[in-house]
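Below: the structure, in structure tokens.
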Amino acid sequence: SQKIEQNSEALNIQEGKTATLTCNYTNYSPAYLQWYRQDPGRGPVFLLLIRENEKEKRKERLKVTFDTTLKQSLFHITASQPADSATYLCAGTDGSSNTGKLIFGQGTTLQVKP
Amino acid sequence: DTAVSQTPKYLVTQMGNDKSIKCEQNLGHDTMYWYKQDSKKFLKIMFSYNNKELIINETVPNRFSPKSPDKAHLNLHINSLELGDSAVYFCASSQRRLAGERETQYFGPGTRLLVL
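So the protein sequences, as listed, match chains A and B.
Numbering of the first sequence is given in the working numbering, commencing with residue 1 and proceeding in unit increments.
Numbering of the second sequence is given in the working numbering, commencing with residue 115 and proceeding in unit increments.
Structural data, given as structure tokens:
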């Protein structure tokens with residue numbers, strides 16, 4: 001079955017460092033991948049979208065890559081701040097339809113320590 | 115102004131009861147979704163409507179029935195609630211583009227359902 005997998009272990013880093021989160025997909029080829037941020041008790045908030053024909057996308061301190069050979073997306077936060085602490089969700093389109101169906105990974109919790 | 119709103123925010127009920135969750139979006143989007151997020155934070159699609167037409171109907175118990183009175187509203191009715199239904203339910207919306215893609219989804223704040 002189509003899967004999106006993220007490292008379920010929490011990522012702890014020091015303020016100012018670059019956080020790198022990994023998203024792997026298996027058994028299909030998503031047309032695009034999206035990254036969302038989820039804070040405790042809140043709904044996910046869209047951050048970035050990258051298409052399969054794009055290698056890299058940037059938005060302020062955020063950067064996302066899409067490697068179709070490795071079947072992987074990396075999400076980077078540079079100059080991380082304690083306010084970046086949250087759970088980050090990777091989602092891929094369902095490869096078989098244009099219904100907008102997203103397959104989500106289980107999320108990686110990032111903790112940025114001052 | 116809240117883009118995607120859900121009511122209620124919390125719902126505590128007994129097993130066997132029937133309950134409804136309501137969702138409204140003021141973004142003018144044509145597609146709405148219901149997701150379930152379990153205790154492991156896994157977010158899973160349940161249903162989706164496009165302009166009041168059901169377009170995604172995942173394998174969920176038929177005790178769950180979505181209803182979309184218009185494209186700005188999507189409700190979820192759950193019959194005969196079970197302990198395993200306890201989770202956070204999120205509503206989301208998106209807009210279909212000319213190429214048929216629906217990209218960014220906007221999520222509501224979630225409804226925390228606890229079945230006792």
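Where a beta carbon is used, it is the ideal one built from N, C-alpha and C, also for glycine.
Helix, strand or coil at residue i [DSSP, three-state]
i         : result
A/Ala-10  : coil
A/Ala-119 : Not covered by the structure: residue 119 of chain A. The range shown for chain A is 1 to 114.
B/Leu-195 : coil
A/Pro-82  : helix
A/Lys-59  : strand
B/Val-202 : strand
B/Asn-171 : strand
A/Tyr-28  : coil
B/Ser-208 : strand
B/Lys-154 : coil
Boundaries of the beta strand (DSSP E) in which residue i is found, first to last residue
i         : result
B/Arg-226 : 225-229
B/Thr-218 : Looking at the DSSP string, B/Thr-218 is not in any beta strand (DSSP E), and its letter there is neither H nor E.
A/Phe-46  : 45-51
B/Lys-181 : 178-184
B/Thr-121 : 118-121
B/Met-160 : 157-164
A/His-76  : 72-77
A/Asn-98  : Note, A/Asn-98: premise wrong, no beta strand (DSSP E); not H, not E.
B/Thr-145 : 145-151
B/Tyr-124 : 124-127
DSSP beta-bridge partners of residue i
i         : result
A/Asn-87  : One detail in the question is off: residue 87 of chain A reads as Thr in this sequence, not Asn. Bridge partners of A/Thr-87: A/Gln-38 and A/Thr-109.
B/His-187 : B/Glu-138 and B/Asp-184
A/Val-64  : A/Lys-57 and A/Phe-75
A/Gly-92  : A/Leu-33 and A/Ile-103
Cβ-based burial, residue i [other Cβ within 10 Å; buried from 16]
i         : result
B/Ile-230 : With the sequence shown as reference, residue 230 of chain B is identified as Leu, and Ile is not the correct amino acid for it. The residue is exposed, with fewer than 16 neighbouring Cβ atoms inside 10 Å.
B/Asn-193 : exposed
A/Ser-73  : buried
A/Lys-123 : This structure leaves residue 123 of chain A out entirely; chain A is present only between 1 and 114.
B/Val-126 : exposed
B/Thr-173 : exposed
A/Gly-41  : exposed
Closer than 7 angstroms: residue i CB and nearest the ligand SAM heavy atom
i         : result
B/Trp-148 : You won't find the ligand SAM in this model; it holds no ligand whatsoever.
Checklist entry - Between the stretch 187-199 of chain B and the stretch 21-29 of chain A, do at least 3 Cβ pairs fall closer than 8 angstroms? => result no
Checklist entry - Would the stretch 25-43 of chain A and the stretch 83-94 of chain A be scored as touching if the rule is three or more Cβ pairs under 8 angstroms? => result yes
Checklist entry - Is there contact here, the stretch 52-64 of chain A with the stretch 72-80 of chain A, by at least three beta-carbon pairs under 8 angstroms? => result yes
Checklist entry - Hey, is the stretch 145-155 of chain B in contact with the stretch 201-208 of chain B, meaning 3+ C-beta pairs nearer than 8 angstroms? => result yes
Checklist entry - If we count Cβ pairs, one from each stretch, closer than 8 angstroms, do we get three or more for the stretch 150-168 of chain B versus the stretch 123-138 of chain B? => result no
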